[in-house]
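Presented below is the structure to which this report refers.
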Ligand SMILES: [Zn+2]
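What follows is the structure, encoded as structure tokens:
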């Protein structure tokens with residue numbers, strides 16, 4: 001297969017041709033290649049590596065009414081995402097090789113994207129008893145109790161020692177539960193809107209703990225969904241001291257703030273909560289200066305019934321895997337950041353940080369995961385246009401830039417948009 005277009009990747013940028021062979025990138029070049037029958041002319045379109053989302057909830061097993069591995073995979077390719085790390089807060093939790101292999105088997109049967117499971121840190125994510133790191137390590141890419149984190153310092157420290165010993169990162173949902181509670185970020189708007197507040201210190205203290213544990217143990221700790229200025233500052237300082245820590249931010253934390261909760265929409269209730277303006281500016285700065293390594297979705301679909309309630313009683317979470325790519329265009333425009341520097345945060349960098357092998361870039365031997373996107377077209381986010389079972393997104397009924405026309409996985413077309421000739 002040969003694809004012609006405006007190529008945007010870490011190793012090649014500009015007009016050119018991608019030659020695929022046996023599902024892999026054979027070469028990328030400026031001149032038209034002679035060989036090849038299958039030819040895709042994406043002249044005026046962007047040709048980018050399949051996106052990598054290191055933080056998603058596909059809900060299977062246990063919560064199939066919210067999402068399944070199949071519906072999640074379909075949503076992913078609609079959003080140009082071809083590699084996904086799924087979090088362990090399923091029922092049962094992903095805390096044993098048997099359950100994790102079941103998820104991998106389902107992903108393989110669906111066959112649309114690559115799914116990398118994470119294992120829980122503690123049995124049932126209850127925070128008390130550590131999982132068997134040794135027996136789980138070869139089945140997963142990281143350990144996380146996402147949705148929560150072990151509240152015991154001792155257990156978290158032990159977890160980091162094991163993670164270090166087995167050579168896998170801990171991806172941590174940094175939150176001190178004693179200090180959190182509430183439905184939105186604490187501040188002038190939580191007061192004005194009369195919604196219970198979550199103080200930023202509930203996150204930043206946990207971030208500080210994680211960094212000290214990384215320093216002491218040498219374990220790689222990846223901090224999930226950073227949302228406060230204080231957290232970014234602590235992480236920045238830790239990186240200066242070459243402590244093995246990395247961090248992520250979601251696209252919704254870069255595009256919405258606590259002020260947007262004026263409508264008290266349960267679709268904007270998320271954990272960690274939407275940041276203040278000041279926090280958001282720090283997140284953007286952290287993204288630009290490299291303090292924050294990657295962008296993720298924290299895709300958290302819920303059924304209509306579960307979110308059809310008031311803000312205080314609704315569950316936390318935003319369905320986000322289909323709006324990630326469009327959000328990159330919005331973020332690039334809003335903050336005057338180059339699109340390619342944002343693209344790296346969802347392709348090449350996550351692959352590097354999590355040792356995902358040759359993916360997220362266009363170089364010889366890399367996996368043939370390719371997305372063709374029309375940056376000049378727009379699409380409307382509706383319950384119908386979203387393929388995820390979860391329609392709980394603050395983008396609902398908004399029109400977004402960037403339409404995915406083709407998603408190619410391992411050299412095969414797995415998604416074709418409506419507007420492709
Ligand atoms: Zn989380």
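In UniProt numbering, the protein residues as written are 1 to 421. The beta-carbon is built from N, C-alpha and C at its ideal position, and this holds for glycine as well.
CA-to-CA distance, residue j to residue i, given in whole angstroms
i: residue 175; j: residue 89; result: 16 angstroms
i: residue 146; j: residue 112; result: 25 angstroms
i: residue 314; j: residue 305; result: 10 angstroms
i: residue 420; j: residue 340; result: Confidence in residue 420 is poor, its pLDDT being 43 and thus under 50, which makes the residue's placement unreliable; the coordinate value appears in the next sentence. Cα to Cα, residue 420 sits roughly 24 angstroms from residue 340.
i: residue 19; j: residue 405; result: 19 angstroms
i: residue 59; j: residue 297; result: 15 angstroms
i: residue 62; j: residue 232; result: 34 angstroms
i: residue 328; j: residue 55; result: 16 angstroms
i: residue 379; j: residue 156; result: 44 angstroms
i: residue 286; j: residue 7; result: 27 angstroms
i: residue 243; j: residue 213; result: 10 angstroms
i: residue 97; j: residue 190; result: 43 angstroms
i: residue 284; j: residue 293; result: 11 angstroms
i: residue 408; j: residue 83; result: 12 angstroms
i: residue 267; j: residue 33; result: 48 angstroms
i: residue 384; j: residue 86; result: 24 angstroms
i: residue 288; j: residue 343; result: 12 angstroms
i: residue 23; j: residue 53; result: 21 angstroms
i: residue 73; j: residue 177; result: 32 angstroms
i: residue 77; j: residue 418; result: 14 angstroms
i: residue 411; j: residue 332; result: 29 angstroms
i: residue 271; j: residue 204; result: 14 angstroms
i: residue 141; j: residue 257; result: 31 angstroms
i: residue 422; j: residue 125; result: Because the chain in this structure spans residues 1 to 421, residue 422 falls outside the shown range and cannot be described.
i: residue 149; j: residue 184; result: 19 angstroms
i: residue 193; j: residue 309; result: 17 angstroms
i: residue 349; j: residue 265; result: 33 angstroms
i: residue 337; j: residue 330; result: 10 angstroms
i: residue 182; j: residue 11; result: 45 angstroms
i: residue 325; j: residue 318; result: 15 angstroms
i: residue 248; j: residue 169; result: 14 angstroms
i: residue 14; j: residue 152; result: 51 angstroms
i: residue 25; j: residue 371; result: 13 angstroms
Enclosing beta strand (DSSP E) for residue i [first to last residue]
i: residue 116; result: 114-117
i: residue 405; result: 399-409
i: residue 29; result: 24-29
i: residue 343; result: From DSSP, residue 343 is part of no beta strand (DSSP E) but of the alpha helix (DSSP H) over 339-343.
i: residue 353; result: Note, residue 353: premise wrong, no beta strand (DSSP E); alpha helix (DSSP H) at 348-353.
i: residue 6; result: 2-8
i: residue 20; result: 13-21
i: residue 59; result: That residue, residue 59, is in no beta strand (DSSP E); it is neither H nor E in DSSP.
i: residue 367; result: Careful: residue 367 lies outside any beta strand (DSSP E) and carries neither H nor E.
i: residue 415; result: 412-416
i: residue 314; result: No beta strand (DSSP E) holds residue 314; DSSP gives it neither H nor E.
i: residue 82; result: 81-86
i: residue 294; result: 294-296
Residue i at chain B interface by Cβ criterion, 9 angstroms
i: residue 226; result: Absent here is chain B; the protein component of the structure consists of one chain.
Residue range of the unbroken alpha helix (DSSP H) whose run includes residue i
i: residue 54; result: Where residue 54 is concerned, there is no enclosing alpha helix (DSSP H), although the beta strand (DSSP E) it sits in stretches over 51-56.
i: residue 70; result: 69-78
i: residue 380; result: First-last for residue 380: 370-380, but that is the beta strand (DSSP E), not the alpha helix (DSSP H).
i: residue 331; result: 324-335
i: residue 106; result: 97-110
i: residue 307; result: 304-307
Jot down the residue ranges of each uninterrupted alpha helix (DSSP H) in the region 211-287, minimum 4 residues, whole runs only, in chain order.
The region 211-287 contains, as complete alpha helix (DSSP H) runs of 4+ residues, the segments 229-240 and 251-255 (chain order).
To test your reading of the DSSP string, which unbroken alpha helix (DSSP H) runs of 4 or more residues are found completely within the region 119-150?
Fully enclosed alpha helix (DSSP H) runs of no fewer than 4 residues occupy 133-136 of the region 119-150, in order along the chain.
What does the shell around ligand 1 hold, if a residue joins when its beta-carbon is under 6 angstroms from any heavy atom?
With the criterion CB distance below 6 angstroms from any heavy atom of ligand 1, the matching residues run 146, 147, 173, 224 and 225 along the chain.
Three or more C-beta pairs closer than 8 angstroms, one from the region 285-302 and one from the region 389-396: is that the case here?
Between the region 285-302 and the region 389-396 there are three or more inter-stretch CB-CB distances shorter than 8 angstroms, so the stretches are counted as touching.
Could you pull out every unbroken alpha helix (DSSP H) segment of at least 4 residues lying fully inside the region 149-174, listed in chain order?
Listed in chain order, the complete alpha helix (DSSP H) runs (minimum 4 residues) inside the region 149-174 are 153-166.
Segments assigned alpha helix (DSSP H), at least 4 residues, entirely inside the region 172-198
Counting only runs of 4 or more residues that sit fully inside the region 172-198, the alpha helix (DSSP H) segments are 188-193, in chain order.
Touch check for the region 123-139 and the region 345-363: three-plus C-beta pairs under 8 angstroms?
Touching, no, given that fewer than three Cβ pairs across the two stretches are closer than 8 angstroms.
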